Every structure is written in C-alpha cells, then in structure tokens.
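Below: one structure, written as structure tokens.
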Amino acid sequence: MQLSFKAASRKNGAATLAELPAGTEAVIDRLDLPEDLAARLMELGFIPGHAVTAARSAPGGDPRVFRVDGAEIALRRETARHILLRKTRPDELVPRQA
Amino acid sequence: MSSCHGKPEAAVASPAERQAPPRLVALIGPPNSGKTTLFNRLTGLRQKVANFPGVTVEHHIGKAHLPGHHDVDIIDLPGIYSLNPRSEDEQVTFDVLHGRMPGLRRPDGVILILDSTNLQRHLPLAAAVLSLRLPTLVVLNMADELRQRGGGVDTEALANRLGAPVVLVSAATGEGVKSVAQFLTGGIAVPRVVELPVLQDVPACRQWARKVSHGARYTHPAPPVWTRRLDSAFLHPFWGPVIFAAVVVAVFQSIFSWARPLMEAVQALVTASGELMRATLPAGWLRSLMVDGVWGGVGSVVVFLPQILLLFLFIAMLEDSGYLARAALIADRTMARVGLQGKSFIPLLSAYACAVPAIMATRTIENRRDRIATILIAPFMTCSARLPVYTLIIAAFIPERPFLGPLLGTRAAAMLGLYLLGFLAAVATAKVLKSSVLRSERTPFVLEMPPYRMPTLAGIGLRLWDRALAFLKRAGTVILGVSVLLWVLASVPTVNGQAPPIEQSLAGTLGRAIEPLIRPLGFNWKIGIGLITSLAAREVIVGTLGTIYGMDPDHNSAGLQAALQQDLTLAGAVALLVFFAFAMQCMSTLAVVRRETGSWKWPAIQFLYMGSLAYVSAWVAHWLLS
C-alpha cells in the first residue's frame, strides 16, 4: 500500500462535514447521530479517525458526495452536519491512500 | 501483484477438508460488486424468480449447469454491506444464510463476491460471512478494472489469511469465471479457522481488513479518472440538470421514432399470419375464434413489443452505467420537497417500465411510511403497459408535425405531456400523503455512487430477453384469456347459429349497461367494453378494441385507428388518455401491493383513489374540450 501524508485540514475552520468545502480533506472526529444511522455510516467508511474528502454535489449544493475509503457516498446536509471533524494539530498527520 | 497479470488464478487455502460438492449456493456481496453479472454468467438463462412466502423480497434462483456434473442451484441475494440485519434486505440475507427462510433449505455453500477495486472496504463483510462457517468461495470481481487502474492483489496470500479459497475474476468479460465453476464441481470446504474481529465493532473490523489486505499485498487502484471526469459534467451545477432533462427527452423521442419501423414490421408479420390462418382454417366458429378472438386480441398487443423493449433498453443502460445513482442525487431535492427522498426516485423511475418491479424495489427504503407512500404513487408513473394505449390514441387523433423544432414532434410532445401528467399526479399525491396520514420524520439519504461502467451487451441482452419473455407470457396468458372470454361474450347469444351483431351480443349488452356511466366522459359502449376488460391489464383494451372492431362488419376493413376516429371525438380521445393516465387498471400491481404492504387495505385505497381521480379528470378534460 502506498501512503502519502497530508496534513489533516481544518484550515478553513470547518467543524462539521456540512461545512467542508468541495475538494478539501479532513478527519472525522465523531458521529453525533442515532445509533442505527451511525453504524450504517461507519460500515460505509465514515469512521472516527478516518479521512474524508468533500466532492461534487447535486445542483444547489445538497446532497453532497463524500469520498471515504475509496468510495463515493452521497449525504444530505442535514446528516453531514452531525458528522464532526477533528481539530487540526500541526503534528497530526493522516495516512491517505493514494 | 503477479497474480494481476496474465491469466487469472485461483488460490486454495490449505489444508482444506474437501466436502461433497454443494447443491444450493448463496451468492452474496455488497451492492455494485457485480453479483448479478456473475449470477447471469453462471446460470445463463436457466433462472426462475422465486417469491418466498411471508417476505416481500423477490429473488432469482438459477441453475448453474456444470458439464459432467449435477446442476447447482444458485440464489442471488440482495446487495448488503454487513450481516447485521438492519434493513429488510439484510434481514433476508441473514435468514437465508441461517436456514431460517421458510420454504428454502439452508445453503450448503456461499459464493462471496467482492469488488477487487474496493477490497479493503468490502473485507469486513468477508469476516461476517466467514464466521458463519459455511463452505465459502471468495470471488474478487472486476479484475480487469483493478489491472487497468494499476492495482493488484496476491490471491494466494489472501486465501491464506481468510482460510478460504480466493479467485480473481471479471464477471463482465468472463475472465476467470471458469474457475468459479470448477470450485463448484470440486466442492468447497468449510473455511479454516482464522483470526476474525468482533463483528459489531466497526473500527476493529476495519483494522482487521487493513491488516489482511496488507498481508495480501493489496495495491489500491488509482482513482477512477473517467468517473471523476464524467461527474464533472453530469453533476455540474448547470449542465447536470440540462443533461438530465436531455436524457429524458431523448429517451421519449427515440421510443417513438426508432420503434416505428420495428413495430410496422411486427404488425406486417401479425397481419400476414392472421391472413394465412384465415386462408387455411375452414370457415366456422374455430376460424372466428382463432383469427378474430385470439389473433386479433393477442396480435394487437404483441405489436408493441419493440417499443417496450426499447424503453427497457434505456432503463437498463442508465442503471448499468451508474448514471441512475447520479439521477437520484439530482432528484433528491425535488423529492425532499414532496416529503420523499432521493432513494424513492429509483423505484419511481423503474415504474416507467412497470410498477410491479418498482414496488418491489421500494424495499431499499428503510422508513416504512416513505415506503408505503412510494408504493402508492408508483402506479401513476407511466408504465409500459400504457404505451400501447397512448400510441394508438395519439396516432389516431394527433397529426404528426414538428413541435419544438425538428427534434420534438407533436406526437412525442403529447406523449411527454402524458408522462408529465402521471408524474404530477404522483407528486401531488405524495405531498398530500406525506403531510397527512403518512407523515414522518425526514429519513436520511445515504447513497453510494458507483463508478461509471460501460454496460455490457450480455448483461443488457439478458435483461431484455427476460422482459420480452415476460411480456409475451402475459400476452399468452392474461391477454389471451381475456381475448377468448371476450370472443365468447361477443359470440353469444347466437342468432340462427351465427354470431350476433356486436350490439346484441352479451359483450355489447355489458357495454351498453355501463354506457350511462361513461357517456359524460365521451365514451360509447364499445370503449366501455374495453374499460371493463382493461381492469385486468391496461394494454388489454387495445386487443379488446381489435376484437370488437374486427367483429364489427362496419369497420372490418378499416384499421383500428380509422375505426376509433369514427367512434370518438377529440375531446373523448383526450378524456380516454387522461383516464388511462390515472386509473389503476392492473391486477398484477394490486396483487404485489397487497403482498408488499401485508393487507388489502392499501391496494383497496389505491384502487378507489386512482379510479375516482381518473373519472373526475377525464370528465373535466371532456367538458373543457367539447
């Protein structure tokens, strides 16, 4: 497996997935969602500590496609805003699969 | 990496205690892993659809015919991400694998199919399946795509870590499929005991998956470049919706213009064979039954086969290419406005082909109220059974002229208008339902966007074949039955041993009996007979009118269209179109709604609601135009 290292970014100050601008990457901190939905999202790759990238969206910006774990999953804003992102520390590096 | 070049190879976990070859194998895997493609490869056309009693999911069971070996039954199960039964799909898979499905014995083998371009992500499902301790074969699909995008995996090392044999295949190209068949004949073993994570602990499962794929020297393929490029167009804020609309218009226009020569060819065939029958059979009741009853009824419906196949071709291409998921994404906001979600869009789109599979596809909707709302509005979408009716009436009453430039003619525009009418009725009904009896919390929309893939000829061909058989079977059963019944009703009581004039026959009497009820809509008793018979299935009215006018000496020589022009005014024709747009005339749909919702309550409500809406709207249309 090839690893490239990229700083986990919250440069833009995004605190939740809903605020993450398209094309940027961040690290998931926790899922503030009902247990069933949280488990389902984790199976799909939205796991605390894992990287997520915001990609394209439907016209109007909602729902948006997120890249996790090599797959693209679409979520509505109302779900994405309950997925909290980790604060960036300069020393924190996130392994990302190239 | 070596295993990714040259011939696909199979790696066997050792030591493997060989078992007797399996007889019933469950095929499971995540969505978009190519399960159905592999299923079709293994079973060819020898498949049957099985409904398990008490559950709402339809499965395909196919026979894999292995040379020099007994046949193996293969069950194609719904795509799942895990074995924690949370949705109905997962519950079904869970029950089948544990032998708890009534009427089905426990499978004695499992083919677990995983997308090799997404191996690490799909491995947690492998952990869940291996822990069942059923003889398991792991199939890594999409070998060609993995190679193209520069990824690779050591199947032998993976087999060692999973304790089960691993084959790398490409179901789409057929590469490596032979080795799957070899495993089926040679027998698969119960997986060797290997270290598995606690299944409920998702992060631990991921950790395990990472470790296993590391050990199998798995190289991630490069991101799908073409998917990104296509998405930048298809999900473009401006061009995305424009392309979406263009696709819809193109589909409708081509159903009309491309299908025409094919339909004319089938029509010529039907007419010629009818004439041949008339010439060979001796005059009498048998000739009348065969030529006027059977051939007149069935033949006039069979003519629409090319058009229906063309529609299914487009839907299959949209689905197989991956565009449908993008369409659901684009549609989500609109769907949210009427209280539904993007996932309802996929069943609703397939309802354009037929409401029956559409209603079964609603099982992916987790929220029961959303699901019932989707079931109730699905029959408003213009299904392919309405096509013959619409085509006939439009061709008879609307002259063909350019409408929006040369691209869209008046007839296609009229058809598009009818599609729109059905859609608006569906949307309005959804809005009413979701803000009253079926009100619920907004359910989350979570949908995986599969990479774009080129639809394969084999995959689409097989589905079209399936649909053609289903359509012809319907023509040979329901429509044949109704045609014969109608012929009998139109032939009694006999006058001096001859068939009576149609007005004096039993069918004519029935039609006249309901005439006062339908007169305000601009329909006469002949259309009335058609409305009665079309309660079985919409397209039956075309066959019925064929039979009625075929038997009516006044119209014998005139084509069906010309005959209709004498019996219907333009206002009546429009009213008839509107009636068919809204009315619930389909036994199969009512039966499937009963099965999916578990009682007669919803189908009864649906039938009455759609029927009253159809009657009132047809009356309004007739009143406005005359």
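The listed protein sequences correspond, in order, to chains A and B.
My numbering puts the first residue of the first sequence at 4, with every later residue one more than the last.
My numbering puts the first residue of the second sequence at 140, with every later residue one more than the last.
Glycine residues also receive a C-beta, built at the ideal position from the N, C-alpha and C atoms.
Here the structure is a predicted model, which is why all the values come from computation and not from measurement.
In the DSSP assignment, residue 28 of chain A falls within the beta strand (DSSP E) that extends over 28-34. For chain A, the residues of the segment 205-230 of chain B that bring a beta carbon within less than 9 Å of one of its beta carbons are 220, 221, 223, 225, 226, in chain order. Chain A has a Cβ within less than 8 Å of the Cβ of residue 469 of chain B. Nearest to residue 436 of chain B by alpha-carbon distance, out of B:706, B:565, B:676, is B:676. With contacts defined as CB atoms closer than 8 Å, residue 279 of chain B and residue 318 of chain B fail to qualify as a contacting pair. Closest by C-alpha distance to residue 532 of chain B, out of B:164, B:653, B:720, B:599, is B:720. Membership of residue 530 of chain B in the alpha helix (DSSP H) is indicated by the continuous run 525-536. It is roughly 43 Å from the alpha-carbon of residue 272 of chain B to the alpha-carbon of residue 27 of chain A. Its Cα nearest to that of residue 366 of chain B, the residue B:592 stands out among B:592, B:177, B:216. When Cβ-Cβ separations below 8 Å define contact, residue 233 of chain B makes no contact with chain A. About 6 Å separates the beta carbon of residue 537 of chain B from that of residue 550 of chain B, a gap short enough to meet the 8 Å contact definition.
For the 8 Å CB-CB criterion, residue 742 of chain B and residue 729 of chain B form a contact. With a threshold of 16 other beta carbon atoms within 10 Å, residue 643 of chain B falls short and is exposed. If you check the CB distance, residue 204 of chain B and residue 212 of chain B do not come in under 8 Å. Secondary structure remark: continuous alpha helix (DSSP H) runs of at least 4 residues inside the segment 365-423 of chain B, in chain order: 378-396, 398-419. Between the alpha carbons of residue 460 of chain B and residue 183 of chain B lies a distance of about 21 Å.
Per DSSP, the unbroken beta strand (DSSP E) holding residue 585 of chain B starts and ends at 585-588. Each of B:661, B:636, B:637, B:667 was checked against the Cα of residue 648 of chain B, and the nearest Cα belongs to B:667. The beta carbon of residue 379 of chain B falls within 8 Å of a beta carbon belonging to chain A, placing the residue at that interface.
For residue 55 of chain A, the nearest beta carbon of chain B is not closer than 8 Å to its own beta carbon. Looking at the DSSP output, residue 725 of chain B bridges to B:676. Taking the Cβ atoms as the reference, residue 439 of chain B lies roughly 5 Å from residue 681 of chain B, within the contact range of under 8 Å. In this structure, B:170 is the residue among B:744, B:170, B:434 with its C-alpha nearest to the C-alpha of residue 228 of chain B. At least one CB of chain A lies nearer than 8 Å to the CB of residue 585 of chain B.
By the CB criterion at 8 Å, residue 32 of chain A and residue 260 of chain B fall outside the cutoff. Just measuring C-alpha positions, the residue of B:726, B:632, B:601 sitting nearest residue 621 of chain B is B:726. Contact of residue 257 of chain B with chain A is assigned, a C-beta pair being separated by under 8 Å. Segment contact: the segment 284-297 of chain B against the segment 334-349 of chain B, fewer than three CB-CB distances shorter than 8 Å; contact not assigned.
Interface with chain A (8 Å Cβ-Cβ cutoff): residue 342 of chain B is included.
Around residue 369 of chain B, the same chain offers 591 as residues with beta carbons nearer than 7 Å, after the five sequence neighbours per side are excluded.
In this structure, residue 217 of chain B and residue 231 of chain B form a Cβ contact; the two beta carbons are roughly 6 Å apart against a cut-off of 8 Å. A check of alpha carbon separations from residue 362 of chain B across A:90, A:87, A:70, A:86 identifies A:70 as the nearest. Residues of the segment 79-92 of chain A that bring their beta carbon within less than 8 Å of a beta carbon in chain B comprise 79, 81, 82, in sequence order.
For residue 327 of chain B, the closest of B:274, B:282, B:283, B:301 by C-alpha to C-alpha distance is B:274. Burial state of residue 446 of chain B is buried, judged by a 10 Å Cβ sphere holding 16 or more other Cβ atoms.
Going by DSSP, residue 641 of chain B is part of no beta strand (DSSP E) at all; its letter is neither H nor E.
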